[in-house]
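Engineer:
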Amino acid sequence: MWQSYMNGLLVALGLIMAIGAQNAFVLAQSLRREHHLPVAALCVTCDALLVAAGVFGLATLLAQSPLLLSIARWGGAGFLLWYGSLALRRACSKQSLQQDEKQVVRSLRAVLLSALAVTLLNPHVYLDTVLLIGSLGAQQSVPGAYVVGAASASLLWFFTLAIGAAWLAPWLARPSTWRILDVLVATMMFSVAIQLIVSG
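In the numbering used here, the protein residues as written are 265 to 464.
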């Protein structure tokens with residue numbers, strides 16, 4: 265059981281720490297101190313559910329359906345291009361994500377809906393959690409322990425990211441920092457979208 269748990273923990277950590285749309289969103293929300301803990305909790309929940317779905321059968325279903333994978337690829341590419349454009353527009357703005365009294369704080373519902381979009385409309389999430397982590401978990405001696413291990417990795421990573429970034433916010437919350445962050449987010453979104461389109 266512990267071997268399956270550790271396998272899930274290590275595999276998930278290795279994948280989740282890569283820079284991606286989800287991590288960029290959690291980091292941005294944490295620097296804003298805008299509902300960052302609920303966002304982290306939502307990301308952990310989504311990852312755990314997707315890994316469980318992959319381990320217990322969805323990985324095989326998606327692997328056998330080129331149509332579903334194609335829909336996920338093109339829909340995800342469109343979303344990433346749109347989200348990257350928003351980040352690039354913010355980077356070019358004079359008010360580029362400044363953390364001051366004039367900053368409009370979005371509602372918890374709006375932020376969580378954005379987090380859901382970043383998580384569920386990004387096909388890389390499915391490739392990582394459902395197909396890769398899930399297919400590996402299906403081969404474990406104790407698949408349930410593997411799912412718990414992967415969920416533990418997600419919990420550790422996202423809450424470390426959320427709490428750590430929020431703690432550093434007084435030093436990081438400068439207009440130049442926000443502009444750099446938005447440029448990096450836009451670059452990452454565009455590059456992933458192009459990779460998805462080219463791979464098709």
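In this text, a Cβ means the ideal position worked out from N, Cα and C, and glycines have one as well.
When the Cα atoms are used, what is the spatial distance from A341 to W266?
Structural biologist: 38 Å
Engineer: Taking the beta carbon of W346 as the centre, do at least 16 other beta carbons fall within 10 Å, making it buried, or is it exposed?
Structural biologist: exposed
Engineer: Looking only at C-alpha atoms, which of V369, G428, I461 sits nearest to H299?
Structural biologist: For the residues V369, G428, I461, the minimum Cα distance to H299 belongs to V369.
Engineer: The alpha helix (DSSP H) that contains F289, what's its start and end?
Structural biologist: 285-296
Engineer: Secondary structure at M452, three-state DSSP: helix, strand or coil?
Structural biologist: helix
Engineer: Does the Cβ of A379 lie closer than 7 Å to at least one heavy atom of the ligand FMN?
Structural biologist: Looking for the ligand FMN in the displayed structure turns up nothing, as the structure carries no ligands at all.
Engineer: Do you know whose CA, among F289, L420, D392, V275, lies nearest L344's CA?
Structural biologist: The candidate whose alpha carbon is nearest that of L344 is F289.
Engineer: Taking 7 Å as the limit between beta carbons, can you name the residues of its chain near I280, skipping five residues before and five after?
Structural biologist: A417, S418, W421
Engineer: What is the rounded straight-line gap between the Cα of Y269 and the Cα of L313?
Structural biologist: 16 Å
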